[in-house]
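Protein sequences, first through last, are from chains A and B.
For the first sequence, the residue numbers in my numbering are 9 to 174.
For the second sequence, the residue numbers in my numbering are 17 to 429.
Where is the CB? At the ideal position from N, CA and C, for every residue including glycine.
Just so we're clear, the structure is a prediction, and the values are computed from it rather than from any experiment.
A quick write-up on the structure given underneath.
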Amino acid sequence: MTVTTIPASEWADRARALHAEGWQVMDLTGLDRLRLTPDGPRFGVVVQLINHASRQRQMIEVAVDGDEPTVPSVTEVWPTVNFMERETYDMYGISFEGHPNLTRILMPDEWEGHPLRKDYGVGKVPVEFIPQPIMQVDSPGQTPGSGSTGIDRDRLGQVVGEGDAP
Amino acid sequence: MTTTEELLTDIEANGHGAFVETFDEQAGRMVINMGPVHPSTHGVLRLMLVIDGETVDECLPVIGYLHTGIEKECEDNNWRGAVTAVTRMDYLANFYNEQVYSMAVEELLDIEIPPRARYIRTLLAEMNRLSSHLVWWGTQGLDMGAMSAMFYGFRERELFLDFFEMVTGLRMNHGFIIPGGVWEDLPLGWERAVKNITDQMPRRIDEYENLLTNNPIFLERTRGIGVLSADDARSLGATGPIARATGIDWDLRRDMPYEAYGDVSFEVPIATEGDVYARYRVRVAEMRQSVKIVEQLAKNMPKGDFRHQDPKLVHPSRREMAHSMEAVIHHFKLSTQGYTVPPGATYAAVESPRGELGAFVVSDGGTSPYRCHVRDPSFVNLQSLSRMVEGGLLADLVASIASTDPIMGGVDR
Chain A
9 MTVTTIPASE WADRARALHA EGWQVMDLTG LDRLRLTPDG PRFGVVVQLI NHASRQRQMI
69 EVAVDGDEPT VPSVTEVWPT VNFMERETYD MYGISFEGHP NLTRILMPDE WEGHPLRKDY
129 GVGKVPVEFI PQPIMQVDSP GQTPGSGSTG IDRDRLGQVV GEGDAP
Chain B
17 MTTTEELLTD IEANGHGAFV ETFDEQAGRM VINMGPVHPS THGVLRLMLV IDGETVDECL
77 PVIGYLHTGI EKECEDNNWR GAVTAVTRMD YLANFYNEQV YSMAVEELLD IEIPPRARYI
137 RTLLAEMNRL SSHLVWWGTQ GLDMGAMSAM FYGFRERELF LDFFEMVTGL RMNHGFIIPG
197 GVWEDLPLGW ERAVKNITDQ MPRRIDEYEN LLTNNPIFLE RTRGIGVLSA DDARSLGATG
257 PIARATGIDW DLRRDMPYEA YGDVSFEVPI ATEGDVYARY RVRVAEMRQS VKIVEQLAKN
317 MPKGDFRHQD PKLVHPSRRE MAHSMEAVIH HFKLSTQGYT VPPGATYAAV ESPRGELGAF
377 VVSDGGTSPY RCHVRDPSFV NLQSLSRMVE GGLLADLVAS IASTDPIMGG VDR
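The structure is reproduced here in structure tokens:
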């Protein structure tokens with residue numbers, strides 16, 4: 009399969025032209041070229057397109073570099089890329105300019121780092137064990153377990169209005 | 017007290033992680049969470065709903081609760097080992113995951129697989145479509161209040177799982193389809209086992225139709241509910257039965273044939289209404305076509321090798337290893353290092369029970385995939401769920417979720 013590589017600056021215009029020709033996006037994802045082509049641009053946004061009328065497929069790679077890689081979003085052209093761009097942002101840290109809601113989609117919101125980058129190791133994240141006493145004797149009048157388990161509630165998700173609960 | 021608008025702005029700025037629930041008395045709108053633990057969200061799908069009384073104003077799917085980093089895991093496996101990782105994505109359609117990954121790797125290797133391997137793969141995939149649709153049929157019925165649908169659907173699914181166990185040794189997560197063919201030949205007596213299933217299924221599908229297709233309660237709850245137009249389906253990238261129920265006449269098996277689909281004849285069921293009932297009819301009709309395809313494949317199953325015969329690519333047989341030193345060396349090399357794949361990038365796609373399942377695989381010439389991305393149809397189709405339910409009733413939301421048939425293992429990967 010042939011891959012057409014284009015710079016990020018041409019992507020928005022190219023996308024509109026392709027859409028006018030009847031091409032639909034089937035898939036959009038990222039690629040970290042850190043070990044593949046160490047000299048070229050580091051990231052690629054890989055787009056798979058299909059044309060139902062001519063029964064053809066093509067692959068386009070949008071090359072992007074820099075510490076904060078940014079690519080124009082094509083959600084206006086093909087609304088289907090909404091989730092895909094969010095996933096690419098989540099996994100590679102590639103920002104999509106003009107995306108309506110560019111937040112993490114698969115990883116937790118407060119996650120640090122972008123897991124599919126090649127410099128993000130598999131075993132580098134320590135497993136989070138929640139410290140729990142083996143046996144706890146509650147003093148009279150104390151609600152069992154309240155405030156003593158040390159669970160970082162912020163990381164488990166916030167509950168609005170928690171303080172008001174009886 | 018935050019207003020609904022403030023809350024939605026906050027969600028857009030900070031992500032969807034917080035479990036916020038609020039009631040805006042002035043606007044009369046309420047934000048509630050449905051899921052991630054909810055009997056009718058089919059797994060760990062969470063929907064943030066803005067509701068006005070019983071009407072759904074906005075529906076934001078929040079996903080990621082089943083994210084297990086399978087794509088990252090593939091990069092640490094060898095080419096053969098990554099099959100066992102990808103098969104766990106869409107857990108109701110395991111053979112499709114293995115098949116699409118293997119097709120992509122074979123394209124990079126530039127090899128042709130033997131005809132028998134193509135037929136075995138297609139046979140297993142098509143049976144997998146039936147077993148997957150049976151789960152959908154059961155849950156669609158269950159969500160509409162027809163409890164017995166679940167029993168019947170799962171009863172027949174057992175036939176398929178037993179057959180898969182007979183062929184691969186496992187009921188799911190088979191790791192059976194590998195780059196180069198399949199892991200083993202079909203076992204003795206497979207023809208009888210397939211015939212047993214194909215003889216029963218048309219009668220069973222008639223039973224299902226008797227139960228639901230003309231059931232007044234079911235009709236009432238599915239007709240005109242969750243309507244998606246063809247334009248929306250196209251722009252939101254919906255594929256598979258969801259797209260075909262809106263009138264988009266597209267099926268990869270027929271329009272871009274792969275494996276053994278070029279050798280079989282079948283029809284592609286289409287509906288035009290785009291509602292839950294149309295999706296129901298398309299899927300039930302698809303089940304009948306799948307039975308036909310399985311019958312044809314079993315009848316015309318070619319003889320010969322069941323996988324590619326390059327000793328550098330596939331493990332030698334046990335018998336060979338008892339006689340040949342070469343075979344032992346090959347076995348050792350394949351087991352410890354695996355094989356290398358020429359550098360390149362490719363995309364392969366198959367028609368899974370839920371739509372276009374694609375695999376984007378990149379090789380740097382090493383013994384493991386440099387990048388393995390799977391385009392899962394459930395992930396993309398989930399975007400059309402919001403369009404289906406917005407403006408409808410909360411109670412109808414359940415019908416739309418069931419008819420989207422999302423598999424969270426595939427959505428979150």
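Point to revise | Short-range partners of chain B found in the region 111-129 of chain A, where Cβ spacing is below 8 Å | key: Thr-111, Arg-112, Ile-113, Leu-114, Met-115, Pro-116, Asp-117, Glu-118, Pro-123, Leu-124
Check your understanding: Excluding five sequence neighbours on each side, which residues of the same chain lie with their C-beta closer than 6 Å to the C-beta of B/Val-405?
Key -> Val-72, Cys-75, Leu-413, Ser-416
Practice item. Go ahead and pull the three-state DSSP assignment for B/Leu-61. Key: coil
**Study point:** Where A/His-107 meets chain B, residues with beta-carbon distance less than 8 Å
**Key:** Going along chain B, no residue has its Cβ under 8 Å from A/His-107, so there is no contact; the nearest lies around 11 Å.
Exercise for review: In the DSSP assignment, find the unbroken beta strand (DSSP E) run with B/His-389 in it and report its ends.
Suggested key: 387-391
Exercise for review: Determine the closest residue to B/Asp-222 out of B/Val-53, B/Tyr-168, B/Glu-200, with distance taken between C-alpha atoms.
Suggested key: B/Tyr-168
Check your understanding: Say the cut is 7 Å; is the CB of B/Glu-181 nearer than that to a heavy atom of the ligand ATP?
Key -> Absence of the ligand ATP from the depicted structure is noted, as is the absence of any ligand whatsoever, leaving it without description.
Review point. With 16 as the cutoff for other CB atoms within 10 Å, does A/Arg-43 come out buried or exposed?
Key: exposed
Check your understanding: Since A/Phe-51 meets chain B, which of its residues come closer than 9 Å, beta carbon to beta carbon?
Key -> The contacting residues do not exist; A/Phe-51 stays about 12 Å from chain B at best.
Review point. In chain order, what residues of the same chain have a beta carbon less than 7 Å from the beta carbon of B/Ile-264, not counting five sequence neighbours either side?
Key: Ala-246, Ala-249, Arg-250
Exercise for review: Identify which residue in B/Ala-109, B/Pro-195, B/Met-64, B/Arg-237 has its Cα closest to the Cα of B/His-149.
Suggested key: B/Ala-109
Practice item. Decide if B/Arg-295 is buried, meaning its Cβ has at least 16 other Cβ atoms within 10 Å, or exposed. Key: buried
Review point. In chain order, what residues of the same chain lie with their CB nearer than 8 Å to the CB of B/Gly-381, ignoring the 5 residues before and after it?
Key: Thr-356, Val-357, Pro-358, Pro-359
**Study point:** Touch test, the region 154-170 of chain B against the region 194-201 of chain B, Cβ-Cβ under 8 Å, three pairs minimum
**Key:** no
Check your understanding: Along the chain, where does the alpha helix (DSSP H) that runs through B/Arg-260 open and close?
Key -> 257-260
Check your understanding: chain A partners of B/Thr-362, CB-CB under 7 Å?
Key -> Met-9
Exercise for review: Please list, in chain order, all residues of the same chain as A/Gly-149 whose beta carbon is under 8 Å from its beta carbon, the five residues on each side excluded.
Suggested key: Confidence is the limiting factor: at A/Gly-149 the pLDDT is only 49, short of 50, which leaves the residue's position unreliable, though a coordinate-based value still follows. Excluding positions up to five away in sequence, the list is empty.
Point to revise | Own chain, CB closer than 8 Å to B/Leu-410, minus 5 neighbours either side, in chain order | key: Leu-65, Ile-67, Glu-70, Thr-71, Val-72
**Study point:** Nearest-angstrom Cα separation, counted from A/Met-92 out to B/Ala-98
**Key:** 22 Å
Review point. Is B/Ser-368 helix, strand or coil by DSSP?
Key: strand
Point to revise | Sequence-distant residues of its chain with Cβ nearer than 7 Å to B/Thr-184 (five each side left out) | key: His-190, Phe-192
Review point. At a Cβ cut of 9 Å, what residues of the region 72-101 of chain A count as close to chain B, listed as they run along the chain?
Key: Trp-86, Pro-87, Thr-88, Val-89, Asn-90, Phe-91, Met-92, Glu-95, Asp-98, Met-99
Check your understanding: Which stretch, first to last residue, makes up the beta strand (DSSP E) that contains A/Val-55?
Key -> 51-59
Review point. Which whole-angstrom value describes the C-beta separation of B/Gly-85 and A/Pro-123, a residue pair presumed to lie in contact below a C-beta threshold of 8 Å?
Key: 6 Å
Check your understanding: What residues from the region 70-84 of chain B come within 8 Å of chain A, judged by C-beta to C-beta, listed N to C?
Key -> Ile-79, Gly-80, His-83
Check your understanding: Looking at B/Pro-52 and B/Arg-62, is the spacing between their C-beta atoms short of 8 Å?
Key -> yes
Check your understanding: Would B/Arg-299 be called buried (16 or more neighbouring beta carbons within 10 Å of its own) or exposed?
Key -> buried
**Study point:** Inter-residue spacing [alpha-carbon to alpha-carbon] between A/Arg-161 and A/Glu-118
**Key:** Residue placement at A/Arg-161 is poorly supported in this model, since its pLDDT is 42, which falls under 50; the coordinates still yield a value, given next. Rounded to whole angstroms, A/Arg-161 to A/Glu-118 spans 13 Å at the Cα level.
**Study point:** Top-ranked residue by Cα proximity to B/Glu-275, from B/Met-46, B/Ala-364, B/Trp-266
**Key:** B/Ala-364
Review point. Taking DSSP as the reference, what is the three-state secondary structure of B/Ile-417?
Key: helix
Exercise for review: Report buried or exposed for B/Met-341, applying the criterion of at least 16 other Cβ atoms within 10 angstroms of its Cβ.
Suggested key: exposed
Review point. CA-CA distance, B/Phe-395 and B/Thr-103?
Key: 16 Å
Point to revise | the region 261-295 of chain B: positions lying closer than 7 Å to chain A by Cβ | key: Trp-266, Asp-271, Met-272
Review point. So is B/Asp-392 buried or exposed if we call it buried at 16+ other beta carbons inside 10 Å?
Key: buried
Point to revise | DSSP state of B/Ser-351 mapped onto helix, strand, coil | key: helix
Review point. Under the rule that 16 or more other beta-carbon atoms within 10 Å means buried, what is A/Ser-17, buried or exposed?
Key: exposed
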